[in-house]
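Shown next, in structure tokens, is the structure this report addresses.
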Amino acid sequence: MNYLKLFPLTFLFPLLAEAQNATVSGSIRDSQNGETLIGATVQAVGLGKGNASNEYGFYSLTVPTGSDSIELKFSYIGYQTFNTKILPKGDVKLDIQLLPVGAMLQEVVVKANALDEKRKSTEMSVSTISTKEVKALPALFGETDIIKILQLKPGITPGSEGTTGLFVRGGNNDQNLIVLDEAVVYNANHLFGFFSTFNSDAVKDLKVYKGGFPAQYGGRLSSVIDVRMKEGNNKKLSGTGGIGLISSRLTLEGPIQKDKSSFIISGRRTYADIITEAINRGNADDPEFNKIPRYFFYDLNTKVNFTLSPKDRLFLSGYFGRDVFTFKDPTFDFRFDWGNATGTARWNHVFGPTLFANTTFTYSDYRYKIQNELQGFSFSLGSNVMDANTKVDFYWQPNNTHTVRFGANTTYHDFVTARLQAGSDDGKVRFEAGREYDGWEYGAYAADEWAIDRLKLSYGLRLSMWQNDPAFYANVEPRLAANFEASKRLSVKASYARMNQYVHLLASSGLSLPTDIWYPTTTGVKPQVSDQVAAGFSYLFGDQILVTWEAWYKWMQNTVDFKDGAELFGNNDLENELTIGRAYAYSPLELEIEKKEGRLTGWIGYTLAWVKRGDFPDIDNGAWFAPRHDTRHNLSVVALWDVTRWRKRGKEKSLQLTATFVYTSGYPAWLPSGRASFTDFPGAQPQFVVPIYGPRNTFRYPAYTRSDLGIVYKWKNRKGMENDLTLSVYNATDRRNPYFITIAVETETTAVGEVPFEIRARQVSLFPILPSLTWNFKF
Amino acid sequence: MKRYHIQHLALALSIALLSACNLSKDVEIDLPDYERQPVVECYLEPGKPFRLLLTRSYAFFDTLGLSSNFLQNALFDGAFVTISYNGQTDTLKNQLTLVPNPIKVFNYVGENLVPTAPGTSFSLFIRLPDGGEIRGNTTMLSVVPIDSIIVEPNAAGDTLARMLTYITDDQSKENFYRRLLNYSSLDSFPDQDFLVTDRFSQTASIAIGTGYELKQGDTVFNTIFHVTKDYYDFKESVDLAVIGNLNPFAQPSPIKSNVSGSANPVGIFTVLVYDRDTTIVEW
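Below, the structure is given as structure tokens:
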């Protein structure tokens, strides 16, 4: 097959040249759809100089001027490497388009040297996940989910089975900065956390920082999860979609003006409610039939981008998603809906071969609302958080030894906490509660990556501020990272980062619920602060296997928790329900072994870690306890095997087997230590088993083990339409993992009522073996 | 207002999911050692004798205190119990007493009747046989009467109706209520049992309703208890403790008692103040 066609679009024009050096700069894109490629590398062959494209696909490389031509080599994950020669008499603008390698038959392919580039980078504690990996791996109900794949990376635990919770290096679920095209997503969950809001068809890739945070990021303690939407095919109209057990998806993308502008629109919707509504209609005449409530969720992603000039690009993108739960009959009209809306307007401007700027305006909104209408009465309860953010980021590469980033941002936050309105239609009975807050968050940063022979230093400073009259906080956040290339295979790395968090999630349980409330920093609730140090090494075996070991220690201050028995709903003074403490977490061993090339690819992740929270004056008198996500051993194995490929009657076909294995030590749980009996008020039923809770989380559940298997059968018809049937088997060994432990009480009738004679503990599991079949297509 | 709507909703969804498969099994749980505590339950009722129930708690899976000997095993006898009020102190005798309709059990009973004047303060003192002490205080609130009860069908000709119960709240201070609704008898499992606070009420009138579930001729016992904040917190923490043990979405809570002392007790000492209406449903 001819995979070697190259489509270099070369725009050469001289710019101001330094005396001895010239700069080659431009963008690197996919030749088939025009998508910019993030992290693609450019190397000056024989000169030992190289660089990578930034998150906007822009690259810059300084080379010596002279009469000799210089060979440049461009490469990227899953793309054919492209070599070209330039004669650098002055600055050169060179836009490159790379051709994907045999896209259909080898989905999980990675550029040569990808792992070596990762080894050489000053970045540590970083993972990148492509949607190609996500789509190939087995998934719960066949719903591929990029967040759940993230949970298979070392240092990240889900907190609970089947959910999209992310507890990164001992941090809480709310300490992750999740951004979609730079707009914050406050609640990245559907269906109480069982699915994430990210539709894999609309996502280009995801990068997570667990530590060593670059200075351009701030606002959360434990991780940055940067999700980038596709830009849309600017070559031709194309589409992808799928029909699965839970939902169906459809994405259309294409050029608005070929090579200049494009669009993408992607939607996903569940359809269980279509079945339940049909059942309800079929039983409408049966008075004994209990109507089934209606539930569905949907997502809509859209994006357009315009190339305004060789130096200017404009991107507009948005996301809107909702979960809706309703129940309606002649006397009762209940509706519970929640979801996110985000919008991003982004302008890329190239000032010159070494200076690039990105100006962004983002809008984010998360809200939930519960409404109930009865004849003559109504009830509504809701909360929301809204952000409007403006930021500007500069990327300046004066030469090959320095890469400078600097910028600033301003965010306006608006919070409505637990707004309750209830009463009679005639106004004679009325309840109201809830408060509104706002706040301004500011950030400014500067950072430099300095390459000194075998040592690379990344150092920066971020200044963050919060204003919520009368509260005002200003904090300095140093960021340091270093990579010493001890040999051509071994790099030793270290990093330190301080982070501040000015918004706090008030969650009534360890699980993510749509009714969790975001709350601002005030005079009483101070910014959360974390410091994290990490050190480790990366060693490259051959050119296919990278072993990364990291050890880290993180300590956190001003962490927020609820007092025992706190009231979250209908409370005008939530601050009274909060208690402030500290936390720490550490791991001597966070190991990842990655293999990214060949027919067998995947990774093995293992983490040995400890997490503690304490010093909360209102919880066990300040005692330290293990939070729910303190799981000692976490092992994950991910494998993708391209078994075979063949051609039959002109149709290309392939078969891929995938598997994941997860082992997690039992997580802590707060179980009662004693029980009491209360006869209660006259007219009330006696309660013979009232649990008495002692210190928190003194019990540990049994270990969690799960194996998932997948088979991906692909074929391409003569017209070029790609199809795949993906069989996922979740929990293939049908293991009964503990989800929670409840009690079973056997009672007998006595003179004082039903009294218990036996109390047993019962372990409840959530998912048995769950096979699912999904059909995906691409045209 | 009811505060567990969402958790119940989530639990209902989870249970619906789990009920399709056999996904639960008995397991052995090894819990930390637990030291038994005295449990005090004392609801003083104006015009009735001073009565108190003193029992013991158990380790959670302890089989002691279960079976038909439940009562005998649970009772904590041999304590010295006094209640002081209006300058006098009554000693309660250790005497098992069973009160019918609704059935209630006490093991410490006084000879005098509880005063009926709102505002009366009471102090509880208990000395256990091992010398441990328990103390508690409470004050009698005034009755908040039921203003009106309205029974109405959704539409003319319907066979089911709802009941709206109105009370007038004193908005000058924070008040707490417990609502109980029993059909047929006070020994029946209550159809409604929840706590109400006027914290967010913008009007003096508070309405509490039922669904459209009442039939012609139904007998309904409609009770509004006016309770102290101590009792509200206690009852809420008990509910949270029970829910937290059943619902993975709920955060458990230790019991918030208003009795304390060297005996490390749990329990409640309060005065029962209520208005009750018995309605034969008709419209």
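Chains A and B, in that order, are what the protein sequence lines are. Quick note: the first sequence, position 397, residue 394 per the numbering used here, numbers continuous. Heads up, the numbering used here is the position in the second sequence plus 548, with the first residue counted as 1. Glycine residues also receive a C-beta, built at the ideal position from the N, C-alpha and C atoms. Every value quoted in this text rests on a predicted model; they were computed, and no experiment measured them.
What does residue i pair with, by DSSP beta-bridge criteria?
i      : result
P665/A : R697/A
G31/A  : BP columns for G31/A are empty, so no partner.
W546/A : F534/A, L588/A
Q254/A : S258/A
W643/A : K650/A
D238/A : Checking the sequence, you will find Gly at residue 238/A rather than Asp. Answer by DSSP bridge pairing, in chain order: L247/A, F774/A.
W515/A : L502/A
Q760/A : I738/A, K573/B
S22/A  : S57/A, K90/A
Y591/B : T818/B
Pick helix, strand or coil for residue i, following the three-state DSSP scheme.
i      : result
T160/A : coil
N714/A : coil
R629/A : coil
S785/B : helix
T351/A : coil
E140/A : coil
N497/A : strand
Q682/A : coil
Q103/A : Residue placement at Q103/A is poorly supported in this model, since its pLDDT is 48, which falls under 50; the coordinates are not used for a value here.
F195/A : coil
N80/A  : strand
D778/B : helix
R278/A : helix
I272/A : helix
V790/B : helix
A623/A : coil
L557/B : For L557/B, the predicted structure reports a pLDDT of 49, less than 50, and the residue's modelled location is therefore unreliable. A value from the coordinates is still provided. Three-state result, L557/B: helix.
G578/A : strand
T128/A : helix
E474/A : strand
Would you please state the rounded distance, in angstroms, between the beta carbons of residue i and residue j? I believe it to be under 8 Å.
i      : j      : result
F624/B : T603/B : 5 Å
L218/A : S461/A : L218/A to S461/A, Cβ: 12 Å. No contact.
F654/B : R599/B : 4 Å
G705/B : V807/B : G705/B to V807/B, Cβ: 54 Å. No contact.
L767/A : F192/A : With 8 Å as the limit, L767/A and F192/A do not qualify as a contact, their Cβ atoms being about 14 Å apart.
A199/A : N277/A : Rounded, the Cβ-Cβ distance is 32 Å, inconsistent with contact.
Q17/A  : T62/A  : 6 Å
K233/A : G216/A : That pair is no contact at about 39 Å.
P524/A : W600/A : At roughly 35 Å, the Cβ-Cβ gap does not stay under 8 Å, so P524/A and W600/A are not in contact.
S258/A : N230/A : Between N230/A and S258/A the Cβ distance is about 11 Å, and since that is not below 8 Å, they are no contact.
Near residue i, what residues of its chain come up, given a Cβ to Cβ distance below 7 Å and the 5 sequence neighbours on each side ignored?
i      : result
E743/A : P753, F754, E755
P666/B : M688, L689, S690
K766/B : Looking at the sequence provided, one finds Asp at residue 766/B rather than Lys. So the list reads Y731, V829, once near-sequence residues are dropped.
L177/A : V224, M226, Y316, T339
P614/A : T576
Could you pull out every residue in the same chain whose Cβ sits closer than 6 Å to the Cβ of residue i, ignoring the five residues on either side in sequence?
i      : result
E179/A : T341, T357, T359
A444/A : A212, R402, G457
R343/A : F312, T357
F353/A : F55, V347, Y392
V585/A : Note on identity: in this sequence residue 585/A is Pro, with Val being the wrong assignment. Only A548 meet the Cβ criterion.
Report all residues from its chain with a CB closer than 8 Å to the CB of residue i; omit the five preceding and five following residues, and keep chain order.
i      : result
V786/B : I803
N465/A : Y434, D435, G436, W437, P517, T518, T519
M718/A : F774, K775, F776
L147/A : S124, I126, I153, L163, L203, V205, I222
Any C-beta of chain B within less than 8 Å: which residues of the segment 646 to 673 of chain A qualify?
If the cut-off is 8 Å between Cβ atoms, the segment 646 to 673 of chain A has W667, L668, P669, S670, G671, R672, A673 near chain B.
Any residues in the segment 788 to 799 of chain B with a beta carbon nearer than 9 Å to a beta carbon of chain A? Which ones, in chain order?
The residues in question are L788, A789, V790, G792, N793, L794, N795, P796, F797, A798, Q799.
Using a Cβ cut-off of 8 Å, which residues of the segment 745 to 758 of chain B contact any Cβ in chain D, in chain order?
The structure shown contains no chain D; its protein chains are A and B.
Listed from N- to C-terminal order along the chain, which residues in the segment 582 to 606 of chain B have their beta-carbon within a distance smaller than 9 Å of any beta-carbon of chain A?
Hits within the stretch, in order: Y582, E583, R584, Q585, V587, E589, Y591, E593, L601, T603, R604, S605, Y606.
Identify each residue in the segment 310 to 332 of chain A for which the Cβ-Cβ distance to at least one residue of chain B is less than 9 Å, and report them in chain order.
Cβ contacts with chain B: F322, P327, T328, F329.
Relative to chain B, which residues along the segment 555 to 573 of chain A have a C-beta separation below 9 Å, given in chain order?
Answer set for the segment 555 to 573 of chain A: F559, D561, G562, A563, E564, L565, F566, G567, N568, N569.
Listed from N- to C-terminal order along the chain, which residues in the segment 671 to 686 of chain B have their beta-carbon within a distance smaller than 9 Å of any beta-carbon of chain A?
Under the 9 Å Cβ criterion, the segment 671 to 686 of chain B contributes no residue.
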